[in-house]
Amino acid sequence: MELAHCKLTKGVDIHPFSDGSGCVFFNTNTGETIGIELRLEQIEEALTVYFSQNTSEKFHNPLKGLIEKGFISTENQQPC
Amino acid sequence: MALQNFCLNLYPFSFNIQTNLKLVRDNLYRLYPGQVSLNSTQVTDYSLSLSKGSGFRRLIKPQARFFCDQKEPFKPLRQEQGYALLEWGMNWTIAANEMQYVIAHSAVLAKDDKAILFPAPPGSGKSTLTAYLAFKGWRLLSDEMALINPDTNIVTPFVRPICLKNRSIDLAKSWFPEGHFSSVAHNTHKGDVVHLSPPEQSWKNNKSNARIVAVVFPNYRAGKELEIYQLNKTQGFMQFAENAFNFGVNGATGFRTLTKVIENAESFEIFYSNLEEVIEFLEQDIIDHA
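Here the protein sequences line up with chains Y and R, keeping their order. Residues 1 to 80 (our numbering) are what the first sequence spells out, left to right. Residues 1001 to 1290 (our numbering) are what the second sequence spells out, left to right.
Have a look at this one:
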């Protein structure tokens, strides 16, 4: 599964849990995992803010990790 | 003692064990009564060796050395710790080589085919809880590692003795005086260590897979009344992933497997001191509803 609008880095899997508690991201290249207690649409919304404002200052901390650790591609990224 | 060859059939793996240590031989016979045979010609999955160290040291502080297929993954230990070294060496052998399973550091116990995983770091009381459940009618699948079949929520048993440490040794001996205990390995890096053979029922059913219905993270706290926290699936996954040995190595398969387990199970963190309260919770709130 992919985020509807934002681009996951190649080799990154995402699983949104059925209880709506959040999502986990897994980077098959590094074996690293990040769990975020936000639903998929909330993550997309937050990423939209990030890519449209091009700033991480007001950014939700766990999501910041997604970018910094290379789970979300920042190359040629269009706003979600 | 002269070098002897033992064959240990522990579904789903088999081991050839070569040893010249009487302590190891005696403990193998005591703890694996129906699984061990002498001088078998069977081809096994792994060749292990637990032998006396050589050189001058054997005269001063005799040592035991562990080898797996000619490799020596650990430094030698004192000879009286030789049996514990063999058990730890078997754990290492499986964790380092068996990539066809997704392996988590976890005890696994079941009622019929409904399994509960107990992933926990050392010191959490996992093995004491495991021993108690195993001798109170639960079926032990493993004290140390959960072998999860990839892309399923099914766990394969790997029945072996339960590793008890320090104060839990005397407790277990008082609870289960009829149990088959190994000799004590004193002053290891984990303290005093004893292995306890599981009851007959667990050995008899050691080829029956089980379906994972819950993941329970145990935390023993002296004097504490039972506290139960239900974890949401994201929290359950993240705690469980920390205990998965080869999750990263198995890549996408490991990830899918762990998400499948968590999606199909309830996750709890418990704090406890009274094991009877824990059993009541596991049986009434988890097993009866699964």
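Every residue, glycine too, gets a C-beta built ideally from N, C-alpha and C. Because the structure is a prediction, the values reported are computed rather than measured.
Note down, in chain order, every chain Y residue with its Cβ under 7 Å from the Cβ of residue i.
i	result
residue 1255 of chain R	13, 26
residue 1251 of chain R	28
residue 1248 of chain R	31
residue 1128 of chain R	The contacting residues do not exist; residue 1128 of chain R stays about 30 Å from chain Y at best.
Quick one: residues in its chain with C-beta nearer than 7 Å to the C-beta of residue i, no 5 flanking neighbours on either side, listed in chain order?
i	result
residue 1126 of chain R	1107, 1118, 1120, 1218
residue 1076 of chain R	1053, 1063, 1064, 1065
residue 1034 of chain R	1203
residue 1099 of chain R	1246, 1249, 1250
Distance, Cα to Cα, residue i vs residue j?
i	j	result
residue 1122 of chain R	residue 51 of chain Y	43 Å
residue 68 of chain Y	residue 1163 of chain R	41 Å
residue 1026 of chain R	residue 1092 of chain R	22 Å
residue 47 of chain Y	residue 15 of chain Y	17 Å
residue 1212 of chain R	residue 1110 of chain R	9 Å
residue 11 of chain Y	residue 1043 of chain R	40 Å
residue 995 of chain R	residue 1231 of chain R	Since the first residue of chain R shown is 1001 and the last is 1290, residue 995 of chain R is not available in this structure.
residue 1136 of chain R	residue 1166 of chain R	22 Å
residue 1011 of chain R	residue 1152 of chain R	19 Å
residue 1114 of chain R	residue 1280 of chain R	16 Å
residue 1046 of chain R	residue 1017 of chain R	8 Å
residue 1087 of chain R	residue 1094 of chain R	11 Å
residue 49 of chain Y	residue 24 of chain Y	20 Å
residue 79 of chain Y	residue 70 of chain Y	In this prediction, residue 79 of chain Y has a pLDDT of 47, which is less than 50 and means its spatial position is unreliable; nothing more can be read from the coordinates.
residue 1262 of chain R	residue 19 of chain Y	11 Å
residue 42 of chain Y	residue 63 of chain Y	10 Å
residue 1006 of chain R	residue 1184 of chain R	22 Å
Assign residue i to one of two classes, buried (16 or more other C-beta atoms within 10 Å of its C-beta) or exposed (fewer than that).
i	result
residue 1233 of chain R	buried
residue 1139 of chain R	buried
residue 1 of chain Y	With a pLDDT of only 48 at residue 1 of chain Y, under the threshold of 50, the placement of this residue in the model should not be trusted; the figure read from the coordinates follows. Exposed, by the Cβ-count rule.
residue 1089 of chain R	buried
residue 1029 of chain R	exposed
residue 1060 of chain R	exposed
residue 1224 of chain R	exposed
residue 38 of chain Y	buried
residue 1143 of chain R	buried
residue 1199 of chain R	buried
residue 1001 of chain R	exposed
residue 1174 of chain R	exposed
residue 1181 of chain R	buried
residue 1015 of chain R	buried
residue 1003 of chain R	exposed
residue 1289 of chain R	exposed
residue 1074 of chain R	exposed
Only counting the same chain, and skipping five residues up and downstream in sequence, which positions put a Cβ closer than 6 Å to that of residue i?
i	result
residue 1227 of chain R	1271
residue 1254 of chain R	1102, 1247
residue 13 of chain Y	26
residue 1197 of chain R	1031, 1161, 1180
residue 73 of chain Y	7, 9
What residues of chain R sit near residue i, judged by a beta carbon separation below 7 Å?
i	result
residue 33 of chain Y	1241
Are the CB atoms of residue j and residue i within a distance shorter than 9 Å?
i	j	result
residue 1105 of chain R	residue 1243 of chain R	yes
residue 1063 of chain R	residue 1188 of chain R	no
residue 1229 of chain R	residue 1129 of chain R	no
residue 1155 of chain R	residue 1148 of chain R	yes
residue 1157 of chain R	residue 1208 of chain R	yes
residue 22 of chain Y	residue 31 of chain Y	no
residue 1050 of chain R	residue 1008 of chain R	no
residue 1161 of chain R	residue 1195 of chain R	yes
Along chain Y, which residues have their Cβ under 8 Å away from the Cβ of residue i?
i	result
residue 1263 of chain R	17, 18
residue 1232 of chain R	17, 19, 21, 22, 37
residue 1238 of chain R	24, 33, 35
Leaving out five residues on either side along the sequence, give the residues of the same chain with a beta carbon under 8 Å from the beta carbon of residue i.
i	result
residue 1259 of chain R	1237
residue 1186 of chain R	1080, 1081, 1192
residue 33 of chain Y	24, 25, 26, 27
Using a cut-off of 9 Å between C-beta atoms, extract the partners of residue i located in chain Y.
i	result
residue 1152 of chain R	Neighbours of residue 1152 of chain R on chain Y: none; closest Cβ ~16 Å, over 9 Å.
residue 1156 of chain R	Result: empty, since nearest Cβ-Cβ is about 23 Å, beyond 9 Å.
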